[in-house]
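Asks:
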Amino acid sequence: MRDGKHHNIPMRRLLSSLLVLAVAGLATEPQPAEAGDALDEYFRGKVTALDEKTKTITLKYDFRKKDQIKDWRDEIPYRIQRRKDQKMSWYDTKIEIIGNSGARHKAEWMGDVMVTATFTPDMERDFGGYLQPVTLTEDFASFTFVETFFHAFDGSAGGLNSIIKFGAQWREGDSGDEFIGFRYVSRKPPKKAPAKGNPIRASFGIRKKKQFFFTLPEYELKGSDRGKKLKRFFVGFYAIKGRLFVDNVEITGRLSTDWMKREGVELRTAEPIGGGEEGIDEETQELMTKHKQGKRKPINGLLDILKDDGRSAAVHEAVVTCLSTGPKRAVLNVRDLLYSPVEKVREFGIRIIKTQLGKDYGYRPGSSEKSRSKAVQKLNDDLKKNPGLLEG
1427 MRDGKHHNIP MRRLLSSLLV LAVAGLATEP QPAEAGDALD EYFRGKVTAL DEKTKTITLK
1487 YDFRKKDQIK DWRDEIPYRI QRRKDQKMSW YDTKIEIIGN SGARHKAEWM GDVMVTATFT
1547 PDMERDFGGY LQPVTLTEDF ASFTFVETFF HAFDGSAGGL NSIIKFGAQW REGDSGDEFI
1607 GFRYVSRKPP KKAPAKGNPI RASFGIRKKK QFFFTLPEYE LKGSDRGKKL KRFFVGFYAI
1667 KGRLFVDNVE ITGRLSTDWM KREGVELRTA EPIGGGEEGI DEETQELMTK HKQGKRKPIN
1727 GLLDILKDDG RSAAVHEAVV TCLSTGPKRA VLNVRDLLYS PVEKVREFGI RIIKTQLGKD
1787 YGYRPGSSEK SRSKAVQKLN DDLKKNPGLL EG
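In short: position in the sequence shown from 1, add 1426, done, that's the working numbering.
1. Anyone know if the C-beta pair for V1745 and I1632 falls short of 7 Å?
2. At 3 residues or longer, what runs of the beta strand (DSSP E) sit wholly inside the segment 1538-1611?
3. Can you give, in chain order, each stretch of the alpha helix (DSSP H) that sits fully within the segment 1452-1532 and has at least 4 residues?
4. Hey, which unbroken runs of the alpha helix (DSSP H) at 4 residues or more fall wholly within the segment 1704-1752?
5. I want to know whether the segment 1643-1656 touches the segment 1528-1535 - three or more CB-CB distances under 8 Å.
6. Roughly how far, in whole angstroms, is the beta-carbon of D1488 from the beta-carbon of N1674, given that I think they are within contact range, below 8 Å?
7. Measure the Cβ-Cβ separation of M1549 and G1623 and say whether it is below 7 Å.
8. Measuring CA to CA, which of K1614, A1628, Y1468 is closest to P1547?
9. Evaluate the contact criterion for the segment 1568-1576 versus the segment 1585-1594: three or more CB pairs, one atom per stretch, below 8 Å.
10. From R1737, T1751, D1735, pick the residue whose C-alpha is nearest to that of T1715; which is it?
11. If distances are taken between C-alpha atoms only, which option among A1461, D1493, R1505, Q1512 comes closest to K1520?
12. If F1713 sits next to L1732, beta carbons under 8 Å apart, how far is it from one beta carbon to the other, in whole angstroms?
13. What three-state label does DSSP hand Y1664 in the structure shown?
14. In the DSSP assignment, find the alpha helix (DSSP H) that holds L1809 and state where it starts and stops.
15. For D1429, which residues in the same chain have their Cβ closer than 7 Å to its Cβ, ignoring the five residues on either side in sequence?
16. First and last residue of the beta strand (DSSP E) that includes D1673?
17. Alpha carbon to alpha carbon, how far is P1625 from E1743?
18. What is the DSSP secondary structure of T1695, reduced to helix, strand or coil?
19. I1483: buried (16+ other C-beta within 10 angstroms of its C-beta) or exposed?
20. What first and last residue would you give for the alpha helix (DSSP H) that runs through G1775?
21. Compare the C-alpha of I1502 against each of A1740, R1688, Q1558 and name the closest.
22. On the premise that F1553 lies in contact with A1621, defined as a C-beta separation below 8 Å, what is that separation, rounded to the nearest angstrom?
23. With burial defined as no fewer than 16 other Cβ atoms inside 10 Å of the residue's Cβ, what is the status of Q1595: buried or exposed?
24. Look at the alpha carbon of A1464 and the alpha carbon of R1505, and state the distance between them as a whole number of angstroms.
25. Go through its chain and collect everything with a Cβ distance to E1773's Cβ below 8 Å, but skip five positions before and after it.
26. Indicate the three-state DSSP secondary structure (helix, strand or coil) for G1649 in the structure shown.
27. Compare the Cα-Cα distances from R1755 to each of F1566, I1677, L1815, D1808 and report the closest residue.
28. Using DSSP with H/G/I as helix, E/B as strand and the rest coil, what is G1631?
29. Might you give, ordered along the chain, the residues of its own chain that have their beta carbon closer than 8 Å to the beta carbon of V1802, omitting 5 neighbours on each side?
30. Assign R1658 to one of three DSSP states: helix, strand, or coil.
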């Protein structure tokens, strides 16, 4: 009995120790890692494609919502004195860049990339896109419309659409502070110079990990990356001594794996990818419904949709049909489309007017500006003489 009493004490201690060890064992078991953000949770732009095999994604920014600008930074890769009014901001469903400034996407990319955008300049030269090393060194590439600023450093006349690669190794000793040093990759004079307010759809980027390309409406420039190769980089847009609007941006490429780890971003989407824009969005549907009810305010919103090259063909056709079926007084607003610098938008305008009034007044969307102006004058004269045309 005496021995039994003495053995009860270590037994209790043993059970207590085993319990402590069990709890400690549970605490040290590996816990599931916290999931990172999905692509469509992290970016404000829309993920329209994801190829898990190649790890390639496509991000689209239409800037209809102001918060999309949060994915962009006010950055430029080159040396230039900052202007007091310089800024990058959201303005009327577009990125607004007031030079000397730029808009740089926040993600780091690697390998091949293609950036497509609509450039609407309030200037005639020295604007475009760029690719900048993530190290923020000066070994960047520019894709420039009617480049003159950098040409000035080597005494060239300039004025060419250009792909240029920069690097300190090409800097000349007696150069000013703004000069970095560069080499031309490809350049060619424009067949038609950019005009203020005229949108230009263009693409730039890297193919096969070493070839730059700059695809313009007139032709394509291309050439090999020179100097220190761009492997991981930022993408962006810029303007020098002017004002530029950028809209309907699409970036297709691979995100840097190091950047994704640092940011806690995973190559997945929280919601299914619908591809492009399908069907009619609620905003457009609401505008069309109100227009059919005879309300006047929706007309300008519907015309803006027809001017937006980021909308799908299905949405454009739905709006054209809506405006073609009445009320006829919409013709007074639709006339504005006939003055658009974009032929497709002019086509929308005359289709609506012809359906509403039964005639096109000889207006041809692809004809000269002089010819189009004469046709619009005929339309205006007819409406003035016959106001009853707008009844119904």
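We treat Cβ as the ideally placed atom computed from N, Cα and C, and that holds for glycine. Just so it is clear, the structure is predicted and the values come from calculations on it, not from any experiment.
Replies: A quick look at the data gives this:
1. The answer is no: Cβ separation not under 7 Å.
2. Runs of the beta strand (DSSP E) inside the segment 1538-1611: 1553-1559, 1567-1573, 1586-1592.
3. Whole alpha helix (DSSP H) segments, 4+ residues: 1465-1468.
4. Those alpha helix (DSSP H) runs which fall completely within the segment 1704-1752 and span 4+ residues are 1708-1718, 1724-1733, 1739-1750.
5. Not touching, per the Cβ criterion.
6. About 6 Å; that satisfies the 8 Å criterion.
7. Judged by beta-carbon spacing, G1623 lies beyond the 7 Å limit of M1549, meaning their Cβ atoms are not closer than that value.
8. For the residues K1614, A1628, Y1468, the minimum Cα distance to P1547 belongs to A1628.
9. Short answer: they touch.
10. Nearest of R1737, T1751, D1735 to T1715, Cα basis: T1751.
11. Of the listed residues, the one whose Cα sits closest to K1520 is D1493.
12. Per the sequence presented here, residue 1713 reads as Leu, with Phe not at that position. Not really, about 11 Å apart at Cβ, beyond 8 Å.
13. Y1664 falls in the strand class under three-state DSSP.
14. Where L1809 is concerned, the enclosing alpha helix (DSSP H) stretches over 1795-1811.
15. Low local confidence applies: a pLDDT of 43 at D1429 is under 50, so the model's placement there is unreliable, and no value is given.
16. Unbroken beta strand (DSSP E) run through D1673: 1669-1681.
17. Going by the C-alpha atoms only, they are around 21 Å apart.
18. The three-state secondary structure of T1695, taken from DSSP, is coil.
19. So I1483 ends up on the buried side.
20. Segment 1769-1783, the alpha helix (DSSP H) holding G1775.
21. Out of A1740, R1688, Q1558, Q1558 has the C-alpha closest to the C-alpha of I1502.
22. That belief does not hold up - the Cβ atoms of A1621 and F1553 are roughly 13 Å apart, past 8 Å.
23. Residue burial annotation: Q1595 is exposed, with fewer than 16 other C-beta atoms found within 10 angstroms of its C-beta.
24. Rounded to the nearest angstrom, the two C-alpha atoms are 36 Å apart.
25. Excluding residues within five positions, the ones whose Cβ falls inside 8 Å are P1791.
26. Reduced to three states, the DSSP call for G1649 is strand.
27. Residue L1815 holds the alpha-carbon nearest to the alpha-carbon of R1755 among F1566, I1677, L1815, D1808.
28. DSSP places G1631 in strand when its eight states are reduced to three.
29. Excluding sequence neighbours, V1802 sits near R1761, L1764, Y1765, Y1787, Y1789.
30. Strand.
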